[in-house]
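Position in the sequence shown counted from 1, then plus 8, gives you our numbering.
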Amino acid sequence: MAMAGADGFLQDANEALASLLGYARSELQGMAIAHFTHSDDWLVESHFLRELFCGRRDSYRIDKRYRSKSGNPLWVRLQVIAVPGVQGLSVCALGMVVDLTERRQSKAELRIVASAVESQEARLGQLNQDLSESHQRLRDMAAQNEAMLEQERKHIALEVHDELGQVLTALRMNMSLLEMRLGEKLPALIDEMQGMKELVDRAIQGVRNVAGSLRPAALDMGLVSAIEWQCHDFSRHTGVACAFHARPGNIELEEKRAVVVFRIVQESLTNVSRYARASQVDVNLGRRGDELWVQVRDNGAGFDQAAAAKRKSFGLLGMRERAIALGGRVEIASTAGSGTVISLLIPIGPGEIGVGS
Ligand SMILES: Nc1ncnc2c1ncn2[C@@H]1O[C@H](COP(=O)(O)OP(=O)(O)OP(=O)(O)O)[C@@H](O)[C@H]1O
Ligand SMILES: [Mg+2]
Numbered sequence: 009m010a011m012a013g014a015d016g017f018l019q020d021a022n023e024a025l026a027s028l029l030g031y032a033r034s035e036l037q038g039m040a041i042a043h044f045t046h047s048d049d050w051l052v053e054s055h056f057l058r059e060l061f062c063g064r065r066d067s068y069r070i071d072k073r074y075r076s077k078s079g080n081p082l083w084v085r086l087q088v089i090a091v092p093g094v095q096g097l098s099v100c101a102l103g104m105v106v107d108l109t110e111r112r113q114s115k116a117e118l119r120i121v122a123s124a125v126e127s128q129e130a131r132l133g134q135l136n137q138d139l140s141e142s143h144q145r146l147r148d149m150a151a152q153n154e155a156m157l158e159q160e161r162k163h164i165a166l167e168v169h170d171e172l173g174q175v176l177t178a179l180r181m182n183m184s185l186l187e188m189r190l191g192e193k194l195p196a197l198i199d200e201m202q203g204m205k206e207l208v209d210r211a212i213q214g215v216r217n218v219a220g221s222l223r224p225a226a227l228d229m230g231l232v233s234a235i236e237w238q239c240h241d242f243s244r245h246t247g248v249a250c251a252f253h254a255r256p257g258n259i260e261l262e263e264k265r266a267v268v269v270f271r272i273v274q275e276s277l278t279n280v281s282r283y284a285r286a287s288q289v290d291v292n293l294g295r296r297g298d299e300l301w302v303q304v305r306d307n308g309a310g311f312d313q314a315a316a317a318k319r320k321s322f323g324l325l326g327m328r329e330r331a332i333a334l335g336g337r338v339e340i341a342s343t344a345g346s347g348t349v350i351s352l353l354i355p356i357g358p359g360e361i362g363v364g365s
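In structure tokens, the structure reads:
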């Protein structure tokens, strides 16, 4: 607390203010307020003081900066009232000072912390964006690689099928001709020839299998036939009943997309044969709104998805990524002991015809 005159000099100050400013009380008596007040703040305060002593106001309150004797900056709140004198003129101003330095400092520190948090958040946001952009680029690259691989597979399948297949078929025909021409003269040749024909037949079947696994010929008949063939082939190889249900109608997807759907069903069925120990599999193909819906459901052992996710396998991951690359998604429902349902949903593109349409 302090008392000041119209001249801007202190008349007196109490011990609390003296100790706040670091002066002896006697040093403060007669000291100009401007001496320990920040010059900008003194400009404002001297204006208020003048108004107070002219009687235009009877009090004022400001937050201002002091400088202690040792030069430390201090923030204070000053409440000043006029002590009335004769003829309505003030004789002195009585000021009460509250030290705000700590509060101000913690506010400033909070501001610094808040702005540091803000800039960290901005950096994190940027990093997240960069990460999802590079994730997207990787996904695009993987999809492109996959498409190239499928193209290459198709090419090799056709080469194997056409070149090797034709040579073997010609060989088979020549053997039959030879058998007809020489069979009667050289009966021992017939047995020999029979064995050789069986070998050639096995080679022809092998060529078909290789070509078929590189690129299933069934895809040439359209997606519905290809998946129906897959179910049939699965049952034949595993002995597990596999029912195919498709809503009547057409489905014509762009070839690149049809191959992806085919591969997802293929991986689902492979997983069933490897892990499910199922007795029944149902494959559904249909349309849900503007989406193509394919579902592979088995009644087998099921699995713990969280545990499977920890393993570094690529089957389920690949399905998900392939579906995302087509703008769709794969949903997996499975719990140990209750079978597995894999559902694929992809948007039907412009110019493509969906089942039941
Ligand atoms: N239909 C299913 N029934 C039971 N378990 C399954 C089924 N499908 C997947 N799983 C479980 O999920 C795990 C992950 O499958 P995923 O296809 O990702 O990998 P994988 O088949 O083990 O290896 P990869 O496909 O890379 O050769 C499997 O190891 C298996 O335990
Ligand atoms: Mg797998």
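Glycine included, C-beta positions come from ideal geometry on N, C-alpha and C.
Open item on the list: Suppose contacts are defined by Cβ-Cβ distances below 7 Å. Is residue 208 in contact with residue 172 by that definition?
Closed with: No, the Cβ-Cβ distance between residue 208 and residue 172 is not below 7 Å.
- [ ] Can you check DSSP and say which residues form a bridge with residue 11?
- [x] In the DSSP output, where bridge partners are listed per residue, residue 11 has 20, 102.
TODO: Can you give me the start and stop residues for the alpha helix (DSSP H) that residue 162 sits inside?
DONE: Where residue 162 is concerned, the enclosing alpha helix (DSSP H) stretches over 109 to 167.
- [ ] Quick one: using the 10 Å Cβ neighbour count with 16 as the cut-off for buried, is residue 306 buried or exposed?
- [x] The residue in question, residue 306, is buried, as its Cβ has 16 or more Cβ neighbours within 10 Å.
- [ ] Determine the contact status of residue 101 and residue 40, defining contact as a CB-CB distance below 7 Å.
- [x] Not in contact: residue 101 and residue 40 (Cβ atoms no closer than 7 Å).
Task: Collapsed DSSP secondary structure at residue 239 in the structure displayed - done: Annotated three-state conformation of residue 239 is helix, per DSSP.
Open item on the list: Just to confirm, is the Cβ distance from residue 347 to residue 294 under 7 Å?
Closed with: Contact flag unset, no.
Open item on the list: By the three-class DSSP mapping on this structure, what secondary structure does residue 275 have?
Closed with: Residue state, collapsed to three classes: helix.
TODO: Answer with buried or exposed for residue 53, where buried requires no fewer than 16 other C-beta atoms within 10 angstroms of its C-beta.
DONE: With 16 or more other CB atoms across the displayed protein chains lying within 10 angstroms of its CB, residue 53 is buried.
- [ ] Tell me whether residue 365 sits in a helix, a strand or coil according to DSSP, three-state version.
- [x] Low confidence applies here, because residue 365 scores a pLDDT of 47, under 50, leaving its location unreliable; read the following figure in that light. Shown here, residue 365 sits in coil according to DSSP, grouped into three states, outside any helix or strand.
Open item on the list: To the nearest angstrom, how far is the alpha carbon of residue 240 from that of residue 252?
Closed with: Roughly 9 Å between the two C-alpha positions.
Open item on the list: According to DSSP, residue 73 sits in a beta bridge with which residue or residues?
Closed with: Beta-bridge analysis with DSSP links residue 73 to 83.
Open item on the list: Give the list of continuous beta strand (DSSP E) stretches no shorter than 3 residues that lie fully inside the region 271 to 341.
Closed with: Every unbroken stretch of the beta strand (DSSP E) spanning 3 or more residues and falling wholly within the region 271 to 341 is given here in chain order: 288 to 296, 299 to 306.
- [ ] Since I believe residue 302 is in contact with residue 277 (beta carbons under 8 Å), could you give me their beta-carbon distance rounded to a whole number of angstroms?
- [x] Actually they are not in contact, since the Cβ atoms of residue 277 and residue 302 sit about 12 Å apart, beyond 8 Å.
Task: Exposure label - residue 165; buried when at least 16 CB within 10 Å - done: Taking a 10 Å sphere around the C-beta of residue 165, we find 16 or more other C-beta atoms and assign the residue as buried.
Open item on the list: If you reduce the DSSP assignment to three classes, tell me which class residue 92 lands in.
Closed with: Here residue 92 sits in strand by DSSP.
Task: Rounded separation between residue 67 and residue 117 - CA only - done: Rounded to the nearest angstrom, the gap between the Cα atoms of residue 67 and residue 117 is 32 Å.
Open item on the list: Contact between the region 101 to 111 and the region 76 to 89 is defined here as three or more beta-carbon pairs at a separation below 8 Å; is this criterion met?
Closed with: Flag = yes, the region 101 to 111 and the region 76 to 89 touch.
TODO: Anything with a beta carbon under 5 Å from a heavy atom of ligand 2 counts; list them all in chain order.
DONE: Taking each Cβ in turn, the ones that pass are 279, 323.
- [ ] Write down every uninterrupted run of the beta strand (DSSP E) in the region 202 to 253 whose length is 3 residues or greater and which is fully enclosed by it, in chain order.
- [x] Fully enclosed beta strand (DSSP E) runs of 3 or longer: not present.
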